[in-house]
Amino acid sequence: MFIVFRLRISMYNRDVHGGFMNKKSLLIITFLFFQSIIHNLGHPVTPAFVSGLGIEDYMFGLFFAAMSFGLMVGAPIWGILSDRGHRKLWIILGLSMYTIGQFGFGYVGDQTWMVVFRLFSGFGVVSAITIYTAIIVEQTASKDRGKLLAYLAASSTLGASLGYYLGGFFATNPEMVSLLGTDELKTMFLIQAILNAFYTLMIFLTLKETKVQYSYQQRPSMIEGLKSITKIDRSLLVFFVSVTLINMAATNLSKYIDVYFIDLGYSEQDLGTYVMVTGIVSLLTSIFIVKYATRIKKQLVLMSVMMIISSVIVFIVFRSVHFMVLMYTLYLGYVIMKTIYVPLEQSYIAKEAKEGQYGSMMGLRQSFVSLGMVLGPMIGGFIYDKSPLLLFDFNGYLFIAGVLLIGVVVWIERIKMDRIQKANAYLGNELSESQIKS
5 MFIVFRLRIS MYNRDVHGGF MNKKSLLIIT FLFFQSIIHN LGHPVTPAFV SGLGIEDYMF
65 GLFFAAMSFG LMVGAPIWGI LSDRGHRKLW IILGLSMYTI GQFGFGYVGD QTWMVVFRLF
125 SGFGVVSAIT IYTAIIVEQT ASKDRGKLLA YLAASSTLGA SLGYYLGGFF ATNPEMVSLL
185 GTDELKTMFL IQAILNAFYT LMIFLTLKET KVQYSYQQRP SMIEGLKSIT KIDRSLLVFF
245 VSVTLINMAA TNLSKYIDVY FIDLGYSEQD LGTYVMVTGI VSLLTSIFIV KYATRIKKQL
305 VLMSVMMIIS SVIVFIVFRS VHFMVLMYTL YLGYVIMKTI YVPLEQSYIA KEAKEGQYGS
365 MMGLRQSFVS LGMVLGPMIG GFIYDKSPLL LFDFNGYLFI AGVLLIGVVV WIERIKMDRI
425 QKANAYLGNE LSESQIKS
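For the sequence shown, this note's numbering begins at 5 and goes up steadily by one.
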């Protein structure tokens with residue numbers, strides 16, 4: 005953690021990448037790192053906790069789906085609210101909801117109410133995720149945007165990996181169990197709620213309010229905000245569907261690799277170590293590779309190539325008898341591709357947003373991401389029961405389907421450019437795409 009902190013300070017003090025990371029961007033990246041640690045502490049113990057309550061195994065998937073549904077519903081609402089100002093207030097309110105939701109999930113003891121609290125947690129926690137991304141997008145020059153979004157994603161991934169590891173350590177290490185009382189697994193959710201409350205207080209004390217640039221010099225109302233997201237460009241809508249399919253695959257790989265490790269006879273420690281390695285690889289990729297990827301002009305083509313390579317990796321790894329060897333070699337190539345893809349995808353979406361609507365657009369993006377997080381495990385659970393290999397193949401085909409939709413986006417954009425060129429030839433002027441639309 006000390007090394008990561010020194011590295012971030014270095015990025016702030018020295019212009020090492022040809023860009024500039026301002027103090028607020030550095031603060032937000034650090035916030036998300038700590039948030040990801042706290043919010044992943046309960047994940048390693050959740051299956052055992054649910055089983056210990058005598059709840060059927062299928063409910064574990066339902067709990068995950070309920071939280072993802074909360075993310076999907078909450079994201080556009082928080083995004084629209086953030087475009088109206090008072091972003092710090094919405095972050096604090098959402099995180100406070102998450103604190104209540106996690107405590108309720110751990111202590112209510114009734115599976116129906118546990119679903120409700122999970123939904124409540126998802127609805128609340130997405131406020132910070134959405135608004136942090138909107139602030140980074142809004143306050144960063146387009147040439148540096150992909151780089152900073154990569155740092156944001158890497159801090160989240162590394163924090164999640166560390167939180168996952170610490171959660172398992174607190175629940176299994178004899179000294180920690182004696183000190184924290186985590187022999188009762190519900191105590192982990194109490195610890196999570198307390199730490200999240202302190203984290204929320206830290207934001208209240210240290211994060212300064214952000215001035216929002218309103219489009220047309222006025223605040224959009226909630227109704228106007230909801231109407232605006234129904235009028236998005238056709239190519240962007242197709243791209244959002246592609247994002248959903250790719251996130252279905254990515255979520256399935258993330259969730260069911262955990263199960264697959266245990267089914268193959270590997271220990272929880274083996275799994276935790278591997279998750280930590282993927283977090284480190286993601287961080288290094290964000291620092292040393294993403295900056296070059298963002299310089300490539302044909303971003304959609306690059307995303308397509310990476311998803312095709314990802315599908316090939318998935319098809320190979322899960323058929324091999326040398327599974328663990330390939331997970332630490334070839335599969336880390338997929339981890340690198342995924343790390344590069346996320347900031348490129350976010351940058352493309354941000355490019356399509358109008359001034360004053362970055363929060364709404366990032367909220368809409370998070371909804372499509374969360375839709376993939378809902379549909380992926382719901383469908384994946386049934387497929388995994390039939391055959392784990394069939395599920396992993398299904399994820400590979402989802403990547404390919406996402407690529408086909410990106411191809412449709414490229415085709416639509418080419419038609420747009422033809423229209424612009426014809427209009428310029430007719431009018432004798434050099435007009436932009438936005439001028440042609442108007």
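In this text, a Cβ means the ideal position worked out from N, Cα and C, and glycines have one as well.
- Between the alpha carbons of residue 381 and residue 188 lies a gap of roughly 28 angstroms.
- With 16 or more other Cβ atoms from the protein chains shown falling within 10 Å of its own Cβ, residue 150 counts as buried.
- Residue 298 and residue 407 have their C-alpha atoms spaced approximately 19 angstroms apart.
- In terms of Cβ geometry, residue 144 and residue 367 do not form a close pair [threshold 7 angstroms].
- The residue from 37, 77, 116 with its alpha-carbon nearest to that of residue 59 is 116.
- Inclusion of residue 42 and residue 168 in the CB contact set at 7 angstroms is not warranted, their separation being larger than that value.
- Residue 404 holds the alpha-carbon nearest to the alpha-carbon of residue 310 among 73, 175, 404, 91.
- For residue 76, the CB contacts under 7 angstroms within the same chain, skipping 5 residues up- and downstream, are 371, 374, 375, 378 in chain order.
- Judged by DSSP in its simplified three-state form, residue 418 adopts helix.
- Counting only unbroken stretches of 4 or more residues, no alpha helix (DSSP H) element lies wholly within the stretch 56-84.
- Cα atoms of residue 333 and residue 48: separation of roughly 24 angstroms, rounded to the nearest angstrom.
- Secondary structure note for residue 190: its alpha helix (DSSP H) is the uninterrupted segment 190-210.
- Taken in chain order, the whole alpha helix (DSSP H) runs of length 4 or more contained in the stretch 348-414 are 362-390.
- Remark: three or more beta-carbon pairs, one from each stretch, lie closer than 8 angstroms, so the stretch 148-162 and the stretch 287-296 are flagged as touching.
- For residue 254, the closest of 114, 240, 395 by C-alpha to C-alpha distance is 395.
- Between the stretch 239-247 and the stretch 126-141 there are fewer than three C-beta pairs closer than 8 angstroms, too few to call the two in contact.
- Residue environment analysis places residue 80 among the buried positions, since at least 16 neighbouring C-beta atoms fall within 10 angstroms of its C-beta.
- For residue 319, same chain residues with a beta-carbon under 7 angstroms away, outside a window of 5 residues either side, are 397, 400 in chain order.
- In the DSSP assignment, residue 111 falls within the alpha helix (DSSP H) that extends over 91-111.
- Under a 10 Å Cβ-count criterion, residue 82 is classified as buried, with 16 or more other Cβ atoms of the shown protein chains found around its own Cβ.
- Residue 120 and residue 258 have their C-alpha atoms some 24 angstroms from each other.
- Scanning its chain for C-beta atoms nearer than 7 angstroms, with the 5 sequence neighbours on each side dropped, one finds around residue 194 the residues 107, 110, in chain order.
- Membership of residue 145 in any alpha helix (DSSP H) is not indicated, and neither H nor E is assigned to it by DSSP.
- Per DSSP, reduced to three states, the secondary structure at residue 300 is coil, with no helix or strand assignment.
- Of the other Cβ atoms in all chains shown, 16 or more fall within 10 Å of the Cβ of residue 256; this residue is therefore buried.
- Rounded to whole angstroms, the gap between the alpha carbons of residue 347 and residue 182 is 42 angstroms.
- In summary, residue 52 is exposed, with fewer than 16 beta-carbon neighbours lying within 10 Å of its beta-carbon over all protein chains present.
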